[in-house]
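Notes for the one structure printed next.
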Amino acid sequence: MHIGSGYNYVVTIDSDFYFPESVAAWIDYNQNGIYDPAEFISLVSDGLGGTFTGSFTIPSGTLTGQTGMRILSSDDVFIVGTEPCENFEVGEAADFIVTIAVNNEVKTIGNSDFSMRAYPNPVNSSVTIQTFGIPGNNRNIILTDITGRTIKQVPVSSDQTVIDLSALDPGIYLIKYEDDVHAKVVKINKQ
Numbered sequence: 013m014h015i016g017s018g019y020n021y022v023v024t025i026d027s028d029f030y031f032p033e034s035v036a037a038w039i040d041y042n043q044n045g046i047y048d049p050a051e052f053i054s055l056v057s058d059g060l061g062g063t064f065t066g067s068f069t070i071p072s073g074t075l076t077g078q079t080g081m082r083i084l085s086s087d088d089v090f091i092v093g094t095e096p097c098e099n100f101e102v103g104e105a106a107d108f109i110v111t112i113a114v115n116n117e118v119k120t121i122g123n124s125d126f127s128m129r130a131y132p133n134p135v136n137s138s139v140t141i142q143t144f145g146i147p148g149n150n151r152n153i154i155l156t157d158i159t160g161r162t163i164k165q166v167p168v169s170s171d172q173t174v175i176d177l178s179a180l181d182p183g184i185y186l187i188k189y190e191d192d193v194h195a196k197v198v199k200i201n202k203q
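Residues are numbered in my numbering as their position in the sequence shown, beginning at 1, plus a constant of 12.
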């Protein structure tokens, strides 16, 4: 899936048709591990209860890389955007991994006066962190694992910093840039 692109999504449910079926989906665009109401995709029945369709566009500002997608179906509850963890008696929840990308696989985050990018992503050995705009003082890059444990902290002295990741196990890591004015985070995939 690519940022800014629109998609039509079809879900087929093998249903007994005894009750009205409700189906919904969420994509964790901001990769915070929580399916927010803004990430809700409404799926509409074809009238027979077995095929549901929905349309969505990957919003600008979406983080790139792998993220979660949840699909819920229920025979007894109408699913709304605020209930991605709905507790229902008859139905099913399925979680999937989807990949969000931009054309060059590099994600730039931030606003128009200051931003950061990390590339390549996914990374095998070294990652380059590049900042754009006017930085504040006391610049640092902090590398953490997905649980938030600090692995490495690197002082920043220019707009481009290279960090060797070759000793790290494959997995998802967070790169946080911070100074007295800015804080930016990007998720990277170490292969």
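A virtual CB, placed ideally from N, CA and C, is assigned to each residue, including glycine. Here the structure is a predicted model, which means the values were calculated and not measured.
No Cβ-Cβ contact shorter than 8 Å links Ile-153 with Ile-200. Beyond the five residues adjoining it in sequence on each side, Ser-54 comes within less than 7 Å, by CB distance, of Ala-36 and Gly-66 in the same chain, given in chain order.
The C-beta of Thr-143 has 16 or more other C-beta atoms within 10 Å across all chains shown, which makes the residue buried. Membership of Ala-37 in the beta strand (DSSP E) is indicated by the continuous run 34-39. Contact between Thr-79 and Ile-46 is absent: CB atoms are separated by about 11 Å, not below the 8 Å threshold. Arg-82 sits close to Asp-107, with the two beta carbons spaced by under 8 Å.
Taken atom to atom, the span from the alpha-carbon of Arg-151 to that of Glu-51 is near 33 Å. Between Ala-130 and Val-193, the gap from beta carbon to beta carbon reaches 8 Å or more. By the neighbour-count definition (other C-beta atoms within 10 Å, threshold 16), Thr-159 is an exposed residue.
Bounds of the beta strand (DSSP E) holding Arg-82 are 77-86. With contacts defined by Cβ atoms closer than 8 Å, Val-174 and Ser-127 do not form a contacting pair. In the DSSP assignment, Ala-195 is bridged to Glu-190. In the DSSP assignment, Gly-103 is bridged to Ser-86. For Ser-169, the closest alpha carbon among the candidates Thr-156, Ile-146, Ile-163 and Gly-183 is that of Ile-146.
Minimum Cα-Cα distance from Leu-180 among the listed residues Asp-157, Tyr-41 and Gln-172 corresponds to Asp-157. For Asn-152, the enclosing beta strand (DSSP E) has its first and last residue at 152-157.
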